[in-house]
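Undergrad: Order-wise, the sequence lines are chains V and F. So for the first sequence, this note's numbering puts the first residue at 12; every next one is plus one. So for the second sequence, this note's numbering puts the first residue at 136; every next one is plus one. Positions of the beta carbon are idealized from the N, C-alpha and C atoms, including for glycine.
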Amino acid sequence: MAKTRRYLLGLAAAVALGSVASFTLPGTATAAWEPKKPVEFVIMAGKGGGADKMARLMQTVIEKNGWSAKPLTPINKPGGSGAEALVHLKDKAKSDPNHTIMVTLNSFYTTPLRQPKLGVDIETFTPVARMAEDTFLLWVHKDSGIKDVDDFVKAAKAAGDGWIMAGTGKLQEDQLLTDFLNAAYDLKMKYVPYKGGGKVAKQLAGKHANSTVNNPSEQEGFYAAGTTVPLAAFTPKRLEMFPDAPTFGELGNEFVYFMQRSVVGAPGMSDEAAAYYQGLFQKVFESSEWQDYRKKKSLQGEFLTGTALKDYWLKEREIHKQMLAKMGAL
Amino acid sequence: MEILQHLMDGFLIAFEPLNLGLVILGVVVGLFIGAMPGLGSVNGVAILLPMTFLVPPTSAMIFLAAIYYGAMYGGAISSVMLGIPGASTAVATTFDGRPLALRGEADKALVAAALASFFGGTISILLFTGFAPPLASIALDFGDPEIFALMLLAFATFVGLGSDDIPKTIFSICIGLVFSAVGLDIMSGEPRLIFFDIIGFMSGINFLVLAIGIYGIGEMLWTIEKTDGDSMMSKAVVTVDRVLNNLKELGRTWKIAVSSSFLGFFVGILPAAGATPGSLMAYGVAKMTSKTPEDFGKGEVAGVVAPEAANNAASTGSMLPMLTLGIPGSPTTAILLGGMVIWGLVPGPLLFVEQTEFVWGLIASLYAANLFAVLINIVFIPAFLWMLKMPFTILAPLIFVLSLVGGYAPTQKMHDVWLMLLFGAGGYLLRKLDYPLAPAVLAIVLGPIAEPALRQSLLIANGDPMVFINRPIAGPITIIALILILLPLAKAIRNRFRKAG
């Protein structure tokens with residue numbers, strides 16, 4: 012046993028040394044403030060989802076280019092639709108606000124609204140960077156023979172509440188969009204929640220659901236194989252990747268909805284530290300890797316930071332508040 | 136023939152010096168990670184993933200897959216020697232591996248585990264090679280009713296596991312199901328069972344916390360009571376004679392090894408199932424089909440062979456939906472999937488068409504990893520046997536510390552450590568009362584799969600339970616499951632009445 016332990020310790024030490032070396036090679040000692048210990052990179056969602064993949068890509072870009080003197084350590088805190096992550100950041104305000112940042116999505120707005128007991132006010136959080144806005148499209152299976160939104164409405168109307176719309180989670184993005192479609196086209200589609208966009212995409216590909224409102228990255232594999240078809244986009248302009256899918260605005264039912272992909276700091280972060288992280292993520296945003304990823308996944312939304320980002324949050328929070336109120340979820 | 140051609144190309148890639156070196160390194164690392172209680176393939180792959188950016192994607196994937204594979208072998212080692220599952224996938228291996236070690240036949244258990252792993256690995260890779268493309272479409276045909284029917288079958292095979300006391304088994308399953316319900320309910324979007332408003336319960340109860348609590352802390356307490364803290368020197372000699380005898384006895388179990396390999400592989404393919412339920416189910420089936428089911432749990436070699444063959448087969452199987460559909464079949468493949476995305480590979484139906492080099496290089500490397508894992512494992516057996524010669528007064532604190540580290544490492548939350556200690560104490564008490572604990576562990580793994588599948592099915596079918604009966608795939612599975620549950624239950628009730636009468 013002792014022998015194995017020693018071997019393992021040696022292995023661990025070698026690994027640790029290796030990673031320390033790779034972090035300290037190219038120094039960027041120009042910034043006034045720098046992290047003094049590893050930075051907690053909280054992810055408000057589970058492993059393998061869209062937010063997680065993006066967070067790990069950001070971490071890779073930073074590591075590969077040696078932009079941070081201290082490593083970023085990703086931690087997934089998906090509990091309670093991100094409630095666990097939000098409370099974690101809130102609590103950091105008292106202990107160490109300068110070494111904790113978080114990747115967020117739209118549950119950043121909806122979770123504090125729906126769980127006021129948490130005592131989280133996102134207005135107190137430190138804006139770092141909006142890295143992208145993810146888009147939503149309406150998808151059906153190729154074998155359904157549905158070619159456009161008119162066909163879709165006809166088929167869904169005929170099926171009544173036998174029409175299954177699969178989506179991620181209850182009272183979250185996908186259900187907001189389903190509610191919009193039901194109201195706008197006078198449909199009675201049944202919304203069935205699943206855990207994660209990948210599972211939702213699979214339900215459609217396996218014909219267990221009739222339609223979905225996936226992000227492009229969730230459907231891209233099936234789309235490329237010709238299994239699923241996008242009918243229309245919840246965007247202001249057509250997406251380059253899907254030139255044949257009109258926007259809902261073109262069809263006379265304007266509805267624009269995005270999933271934010273932002274980085275936020277703990278409440279009470281010092282101005283110097285906030286400036287450091289803002290600069291760091293601006294570099295990530297401008298990197299060729301990130302720009303490439305944005306293009307491949309049809310991501311929208313320009314870089315936002317500081318008060319502009321905070322204003323954006325407050326505006327989005329208000330929109331979500333109204334949508335949730337309409338659904339009777341508050 | 137096209138497949139053979141692809142496979143030959145794959146071998147050329149897998150046997151490049153860099154890739155072959157990575158296979159061997161990965162297997163060794165995986166063996167040790169798997170052998171450490173609490174650290175499983177998930178931890179190993181997650182920790183080492185960032186280091187793979189130094190090599191091309193195909194090599195990176197080969198390295199990580201070798202770790203995954205090695206960990207499946209390694210997990211058995213601490214299950215047998217310490218009675219703590221080295222990885223969640225090796226929980227079922229403790230059931231009979233531990234009694235064998237206590238009887239002084241640790242060598243037999245370890246050899247059985249290694250060879251069964253090799254067997255399961257080989258069969259599953261052959262299946263993988265031949266059936267990868269057609270199997271991908273089967274996975275898509277599994278909707279919610281089919282998944283629930285399968286979970287029901289898993290529970291059914293377990294009613295016969297542990298003690299033969301069926302009410303106690305069902306009670307144990309119910310406890311596991313309650314724990315599995317803690318956290319966010321995805322169907323309503325509301326948090327539930329957040330005991331005392333403790334925020335740590337928001338993310339649910341990690342399965343490993345329960346498993347290490349019961350099998351680490353609980354087992355240690357139990358052993359302390361039984362041995363009174365005395366040293367428990369076991370005779371564990373390795374001689375040519377013994378090895379030959381072991382092999383002879385193992386020869387008897389080949390049928391179980393084959394059926395467990397198939398079972399493990401197919402369970403592994405199912406999204407979100409993976410190697411842990413696969414190995415538990417294989418154990419249940421082996422026990423049910425055995426002529427001497429009463430020997431299980433007391434040191435039956437077949438009880439080691441079944442889960443070990445199945446978990447290796449399942450680890451290969453779980454890579455299938457990941458590569459072909461982009462749906463991870465296990466927690467570890469979920470992380471591998473994350474890695475592929477970072478490397479710029481799009482998992483999904485087109486991967487086999489567009490990235491043939493990557494896919495077939497990986498498949499060929501699995502053959503190599505399997506071979507090296509069994510060789511390295513057997514060479515190290517004397518080193519692991521040496522562990523048992525330690526007096527329990529040294530071993531017990533060591534198990535305690537390892538359990539604490541294992542409970543803390545995956546999530547790095549003290550909440551989980553306290554919970555684990557609580558489960559340890561609870562597990563010890565239940566064990567004293569002769570409750571089987573394996574069904575509880577099974578239930579906490581399968582609960583989060585079974586419950587949403589049940590509710591989604593009923594939602595789609597407007598609450599009509601016939602949805603589980605009148606679908607072509609779900610129907611037969613549900614009916615078999617119901618028979619398996621009801622038969623022993625009816626027997627138990629009849630016995631009660633007879634006794635009373």
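Are there 16 or more other CB atoms within 10 angstroms of the CB of residue 567 of chain F, so buried, or fewer, so exposed?
TA: exposed
Undergrad: Skipping 5 residues on each side, what residues in its chain have a beta carbon closer than 6 Å to that of residue 203 of chain V?
TA: 175, 177
Undergrad: Buried or exposed: residue 214 of chain V, going by 16 or more other Cβ atoms within 10 Å of its Cβ?
TA: Here residue 214 of chain V is buried: its Cβ has 16 or more other Cβ atoms, across all protein chains shown, within 10 Å.
Undergrad: Along chain F, in chain order, which residues have C-beta atoms closer than 7 Å to that of residue 175 of chain V?
TA: Within chain F, the residues near residue 175 of chain V are 595.
Undergrad: If the cut-off is 7 Å on Cβ atoms, which residues from the region 97-130 of chain V count as contacting chain F, listed in chain order?
TA: 98
Undergrad: Could you tell me whether the Cβ of residue 183 of chain V comes closer than 9 Å to any Cβ of chain F?
TA: yes
Undergrad: Checking contacts by CB at 9 Å: is residue 435 of chain F closer than that to chain V?
TA: no
Undergrad: Starting from the beta carbon of residue 276 of chain V, find every residue of chain F whose beta carbon is closer than 9 Å, and list them in chain order.
TA: Under the 9 Å cutoff, chain F gives no residues; its nearest Cβ is about 20 Å from residue 276 of chain V.
Undergrad: How many whole angstroms separate the CB atoms of residue 353 of chain F and residue 562 of chain F, which I take to be in contact at a CB cut-off of 8 Å?
TA: 3 Å
Undergrad: Skipping 5 residues on each side, what residues in its chain have a beta carbon closer than 7 Å to that of residue 338 of chain F?
TA: Cβ within range, chain order: 318.
Undergrad: Got a sec: which bits of the region 573-594 of chain F sit with their beta carbon under 8 Å from any beta carbon on chain V, in order along the chain?
TA: 587, 591, 594
Undergrad: Which residues bound the beta strand (DSSP E) around residue 343 of chain V?
TA: As shown, chain V starts at 12 and ends at 341. That puts residue 343 of chain V outside it, with no answer to give.
Undergrad: Below 9 Å between beta carbons is the criterion; list the residues of the region 320-342 of chain F that meet it against any residue of chain V, in chain order.
TA: Residues passing the 9 Å Cβ filter: 320, 321, 322, 323, 324, 325, 326, 329, 332, 334, 335, 336, 337, 338, 339.
Undergrad: Across which residues does DSSP place residue 201 of chain V in a beta bridge pair?
TA: Among the bridge pairs identified by DSSP, residue 201 of chain V is matched with V/175.
Undergrad: Taking only beta-carbon atoms, is residue 298 of chain F less than 9 Å away from chain V?
TA: Unreliable placement is indicated for residue 298 of chain F, whose pLDDT of 49 sits below 50; the coordinate value is still reported in the next sentence. Taking Cβ atoms only, chain V never reaches closer than 9 Å to residue 298 of chain F, which makes this a no.
Undergrad: Which term fits residue 115 of chain V, buried or exposed, when burial requires 16 or more other beta carbons within 10 angstroms of its beta carbon?
TA: buried
Undergrad: Comparing alpha-carbon positions, which option in F/626, F/591, F/627, F/623 lies nearest residue 284 of chain F?
TA: Selected option, being the one with the closest Cα: F/591.
Undergrad: Which term fits residue 396 of chain F, buried or exposed, when burial requires 16 or more other beta carbons within 10 angstroms of its beta carbon?
TA: buried
Undergrad: Is residue 141 of chain F helix, strand or coil by DSSP?
TA: helix
Undergrad: Tell me which residue opens and which closes the alpha helix (DSSP H) that residue 590 of chain F is part of.
TA: 573-595 is the span of the alpha helix (DSSP H), which, as asked, contains residue 590 of chain F.
Undergrad: If you count every other CB in all the chains shown that lies within 10 Å of the CB of residue 37 of chain V, and 16 or more means buried, which is it?
TA: For residue 37 of chain V, the pLDDT reaches just 42, beneath the cut-off of 50, and the residue's location in the model is therefore unreliable, although a value from the coordinates is still provided. Exposed, because fewer than 16 other Cβ atoms sit within 10 Å of the Cβ of residue 37 of chain V.
Undergrad: My guess is that residue 251 of chain F and residue 435 of chain F are in contact by the Cβ rule of under 8 Å, so how many angstroms apart are they, rounded?
TA: Rounded, the Cβ-Cβ distance is 13 Å, inconsistent with contact.
Undergrad: Between V/289, V/171, V/287, which has its C-alpha nearest residue 597 of chain F's C-alpha?
TA: V/171
Undergrad: Checking contacts by CB at 9 Å: is residue 603 of chain F closer than that to chain V?
TA: no
Undergrad: So who's on the other strand from residue 320 of chain F, going by DSSP bridges?
TA: F/325
Undergrad: Work out the CA separation of residue 341 of chain V and residue 54 of chain V for me, nearest whole Å.
TA: So the alpha carbons of these two residues sit roughly 25 Å apart.
Undergrad: Hey, out of F/215, F/600, F/211, F/231, whose CA is closest to residue 224 of chain F's CA?
TA: F/211
Undergrad: For residue 240 of chain V versus residue 157 of chain V, is the C-beta spacing smaller than 9 Å?
TA: Cβ atoms of residue 240 of chain V and residue 157 of chain V: closer than 9 Å.
Undergrad: Should the region 136-155 of chain V be regarded as contacting the region 282-289 of chain V, the criterion being three or more beta carbon pairs within less than 8 Å?
TA: yes
Undergrad: Could you tell me the boundaries of the beta strand (DSSP E) in which residue 150 of chain V lies?
TA: Per DSSP, residue 150 of chain V is one residue of the beta strand (DSSP E) stretching across 148-152.
Undergrad: Tell me, please, whether the region 84-99 of chain V touches the region 117-131 of chain V by the rule of three or more beta-carbon pairs shorter than 8 Å.
TA: yes
Undergrad: Please classify residue 67 of chain V: does DSSP put it in a helix, a strand, or coil?
TA: helix
Undergrad: For residue 183 of chain V and residue 130 of chain V, what's the separation of their Cα atoms in angstroms?
TA: 20 Å
Undergrad: Taking all protein chains shown into account, do 16 or more other C-beta atoms lie within 10 angstroms of the C-beta of residue 327 of chain F, making it buried, or fewer, making it exposed?
TA: exposed
Undergrad: Mind listing, in chain order, the continuous alpha helix (DSSP H) runs of no fewer than 4 residues lying wholly within the region 314-339 of chain V?
TA: 317-337
Undergrad: Tell me, please, whether the CB atom of residue 306 of chain V is closer than 9 Å to any CB atom in chain F?
TA: no
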